[in-house]
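One structure is given here, and the rest of the page talks about it.
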Amino acid sequence: MIKKILIIALLAGVGLIFFDLFNAYQGNETLSKTANYYAENGAKDVGAANLVTAIVVTYRGLDTLGEVTILFLAAAIISFALKFRKEDFIPNRPVRITSELLDSASQVIVPIIFMVGIYIFINGHLTPGGGFQGGAVIASGVLLMIMANPNFGISHKVIATVESISGIAFVLIGVLGIVLAGGFLDNTILPLGKLGDLFSAGVIPVIYTFVGLKVGAELSNILVTISHAQNEKN
Amino acid sequence: MVNIMLTIAVSITLLSIVVSMVRFIKGPSSADRIVAFDVISVSSVALIAFIAALTNRIIYMDVALVYGILGFLGVIVVARYLERGL
Amino acid sequence: MFIAIAIVLGVASLIGGYIAIHHEKLPVAIIASGLVSLFASVIFLLLAAPDVAMTEAAIGSGLTTLIFFYVLNKIRQRND
Amino acid sequence: MKWKNYLIMFIMLFVIWLLLNNSLKIEIMLLGLGISLILPLLLCGKCEVFSNLSLSPKAILYSFMFLFTFLWELIKANFDVARRVLSPSLPINPGIVEVKTKLKSKIGRVILANSITLTPGTFTLELEDDSLFIHWIDVQSDDVEESTRLIVEKFEKYLEVMYG
Amino acid sequence: MDNNLMEIIGGAIAIGGSIFLLLGSIGLIRMPDVYNRIQAGTKASTLGTMLSLLGLFFIFPGWFGKFMVLIIFVLITNPVSSHILARAAYFIKVPLTKITKVDKWKEHQEIDESRRAHLRKVKINKEGE
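Chains as they are written, first to last, in my numbering: chain A, 1 to 234; chain B, 1001 to 1086; chain C, 2001 to 2080; chain D, 3001 to 3164; chain E, 4001 to 4129.
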């Protein structure tokens, strides 16, 4: 009882401190120097209607490369940690079979989900989506396929191929930027186009397509590995 | 005029989310809670559409799409977990 | 108007967070934490951050919850 | 008939791509054409959901009629729910009944089950071979033939022409 | 003037949709067991979302595509998810309410439990091939 009262008192104290901070806070009326540069020159330099994408892919392109690498490492570590011996593996685990309805309906829904995912990452420079969100949606399509048939085996080779090809392509585009234009991941190697068109913003849609495919493959890899690990004998 | 009507619609949708929240808190079994989760996520799709209309930005509709897809998948995964089919 | 929506959703997500911490059944706690992310994503949208809202809906509320359930299923098999 | 499955899937995906992009510019059309040609190839190694769909003029006419029947039933269903929920005595009389269906094709069965779920007071609990188990909020008869007549037939007569 | 009228019609439809959403959640509260709750929740939330999006379409005719995709998606997925959920609830033996009249499925399962077990085994083996 005393413990609970103490916790509540502590929380109230913390709340009071934060309330003070919140009250004393005054937002910046003007943008800082960096933000100002982005706001003024972003659209002109990059040609993307979505400024966040412009910053994520071009100005801070190396960060994105790092994030994708981290995701790749996570997927690799999960497959490594869940690796099991062949003899511990139950090929056709007796699970409750799916309803026929889900099996049939998933064949209609999965293509729609994939289409939405592709739309999200191709339009990354125009809409709030982007490679990561589109990749997550595609991975959820793969998850629905697994859900419809628990013993469904998508081959790891296909996933690995998609992933490595898109990873290499990402880096290659970056290097092309050094050769043809100003520097690594410079997006002016393709024409900038008109602001707001699908084929605008130079190389950003291409990069985001590869990022989306890579993220989708990595997340699907995680899901497939975890789902496969359910078949392990205990 | 339209803004007032949309505001009324948003308030009713919010009320529906709150009422479903009551079922989520009470719900005797896990299945009850997932029904509430389903209704909340579908109502939230409508709520996001209303917010998009009030701010007059079409790009917010993409969020509603992603929301709809993942809400559906969440319900299915939990149901499969409950019936031991995962 | 938007402040009112944000307050309602914020209170709802506080309740969800309380359930996530204090409920004795693990699946219910996980669904509640998914619900918190769901509300958080609408709040991000109200704060005019659709990018963050989309990421939160896709990863925070979606895939994380689903992976939790897979792991929970694995643990359950071991206990049976 | 795999080509028919492929064709319908392609049309469906292309229409969804156009709806999502909300424009008819030539570059968007070309990109969508490419994607929706490739995607069914990747996803549909063995799937055959659409292969029983009949594309005759009569079937197309019937699908429009089915759509109207369905929308009408959906609206009726909601007023039914409203009546039950709002009346203080909560007039429900639930039970699980069995009905029979003659449909064989997969997509036809999906549409039948979904329509039953969205019509007044019924939803599909399980499909098994030719019988559907249906939770009925207001059981009027526990006889198989009688409930089949009440629940299934209004949709089945259209779906039979559309999907055989 | 014409435009204005369309907007008002759209607003009215959107309010109607949100009222259906509210009715669905009231049904969630009032109904006695899971299956009846699913009945009320699914139907009302499907039509509620569809009507809300339709109403917004009257106000913003230019957003047709997104609304249409969302309506199609909700129309396909909502019944499927409620079916899967009800089925799972039945299998984990969430009790039916006391006033339930008949339960044909239970009778069916009791009659040929052995046959069903056999069928399930055959089906699993087939899928594994």
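Idealized CB from N, CA, C, for every residue including glycine. Please read all numbers here as calculations on a predicted model, not as lab measurements.
Taking 7 Å as the upper bound on Cβ-Cβ separation, chain A lies near no residue of the region 3058 to 3071 of chain D.
When DSSP states are grouped into helix, strand and coil, residue 221 of chain A belongs to the helix group. Here residue 1042 of chain B really is in contact with residue 4078 of chain E; their C-beta atoms are around 7 Å apart, less than 8 Å.
Around residue 1065 of chain B, the beta-carbon contacts reaching into chain A at under 7 Å are 116.
Taken in chain order, the members of the region 4089 to 4100 of chain E whose beta-carbon sits within less than 7 Å of a beta-carbon on chain B are 4089, 4091, 4092 and 4094. Between residue 2067 of chain C and chain A, the shortest Cβ-Cβ separation is below 8 Å. For residue 3027 of chain D, no beta strand (DSSP E) run applies; the uninterrupted alpha helix (DSSP H) run containing it begins and ends at 3026 to 3043, by DSSP. Against chain E, the beta carbon of residue 3021 of chain D has neighbours under 8 Å at 4065, listed in chain order. Contact of residue 2059 of chain C with chain A by beta-carbon distance below 7 Å involves 136. Residues are counted here when their Cβ sits less than 7 Å from a Cβ of chain D; for the region 4009 to 4034 of chain E these are 4020, 4023, 4026, 4027 and 4030, given in chain order. Annotation for residue 3124 of chain D: the continuous beta strand (DSSP E) segment containing it runs 3122 to 3128. Collapsing the DSSP output to three states places residue 40 of chain A in a helix. Around the beta carbon of residue 39 of chain A, fewer than 16 other beta carbons sit within 10 angstroms, so the residue counts as exposed. Of the other Cβ atoms in all chains shown, 16 or more fall within 10 Å of the Cβ of residue 214 of chain A; this residue is therefore buried. The residue among D:3056, D:3092, D:3009 and D:3131 with its C-alpha nearest the C-alpha of residue 4039 of chain E is D:3092. Annotation for residue 3097 of chain D: the continuous beta strand (DSSP E) segment containing it runs 3095 to 3100. A straight-line Cα-Cα distance of about 7 Å links residue 4057 of chain E and residue 4063 of chain E. In this structure, the alpha-carbon of residue 3032 of chain D lies about 8 Å from that of residue 3013 of chain D. Taking a 10 Å sphere around the C-beta of residue 123 of chain A, we find 16 or more other C-beta atoms and assign the residue as buried. Remark: C-beta atoms of residue 3026 of chain D and residue 115 of chain A do not approach each other more closely than 8 Å. For residue 3135 of chain D, there is no enclosing alpha helix (DSSP H); the enclosing beta strand (DSSP E) has its first and last residue at 3131 to 3136. Comparing alpha carbon positions, the residue from A:231, A:219 and A:117 closest to residue 70 of chain A is A:219. Shown here, residue 4060 of chain E sits in coil according to DSSP, grouped into three states, outside any helix or strand.
Separation of the CB atoms of residue 1035 of chain B and residue 4041 of chain E is rounded to 5 Å, and the pair is thereby assigned contact status at 8 Å. Around the beta carbon of residue 133 of chain A, 16 or more other beta carbons sit within 10 angstroms, so the residue counts as buried. Under DSSP, residue 232 of chain A forms a beta bridge with A:89. Between residue 1005 of chain B and residue 4088 of chain E the beta-carbon gap is near 39 Å, outside 8 Å, which marks them as no contact. Distance from the Cα of residue 3042 of chain D is smallest, within the candidate group A:1, A:78, A:173 and A:142, for A:142.
Straight-line spacing of the CA atoms in residue 1058 of chain B and residue 53 of chain A works out to 17 Å.
Per the coordinates, the alpha-carbon of residue 4059 of chain E lies some 11 Å from the alpha-carbon of residue 4012 of chain E. The three-state secondary structure of residue 95 of chain A, taken from DSSP, is coil. In the structure shown, residue 2015 of chain C adopts helical secondary structure according to DSSP, grouped into three states. Residues of the region 3124 to 3158 of chain D whose Cβ lies closer than 7 Å to any Cβ of chain E, in chain order: 3124, 3125, 3126, 3133, 3135, 3137, 3139 and 3142. Between residue 170 of chain A and residue 65 of chain A, the C-beta spacing is below 8 Å. In the structure shown, residue 1083 of chain B adopts coil according to DSSP, grouped into three states. Under the criterion of beta carbons closer than 8 Å, residue 1069 of chain B and residue 79 of chain A do not qualify as touching, at roughly 26 Å.
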